[in-house]
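This report concerns only the one structure given below.
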Amino acid sequence: MTTASETPVLDTIAAMTVDSLERCGLPMDQLLLTRIAALAASDAPPISYLAHIGPAIKADLPMAAVQDVLVAIAPIVGTARVMTAAGNIAAAFGIAIAVAEEEIEAEAAAEGGI
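The numbering of the sequence shown is my numbering, which starts it at 78 and goes up by one.
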């Protein structure tokens, strides 16, 4: 199999996500909460949550709603998965903050000619 892209896996995931968004009738906040619940149930790594942080912030999704979802699914998926999900969400936020700080520093360096 040959691909025209150097990132065929990421391209495929992006295409699946776009297709899912186009076919889903849920409001964005409900869609994001549903996906976060699915990520927790599947024991997803931090990088999987990272893809949902930006859209959650843009949708003004309160952290309390994310916590409520984790509380709601705990009896179904188990406390260990919920605790892992909480840690992975925190790790994803840490990654997002670090990336944002690097972008700000790069912009400042570019503006200052450093």
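Every residue, glycine too, gets a C-beta built ideally from N, C-alpha and C.
- Between Leu127 and Ile172, the gap from beta carbon to beta carbon is short of 8 Å.
- Sequence-distant partners of Ala117 (beyond 5 residues in either direction) whose C-beta falls short of 7 Å from its own C-beta, in its chain, are Leu147, Ile150, Val154, Arg158, Val159, Ala162.
- Here Pro122 carries a coil assignment [DSSP, helix/strand/coil].
- Taken atom to atom, the span from the alpha-carbon of Ala168 to that of Cys101 is near 28 Å.
- Only residues of its own chain outside the window of five on either side were considered, and among them Thr111 have a CB closer than 8 Å to the CB of Leu103, listed in chain order.
- By alpha-carbon distance to Pro122, the top candidate from Ile166, Thr94, Thr84 is Ile166.
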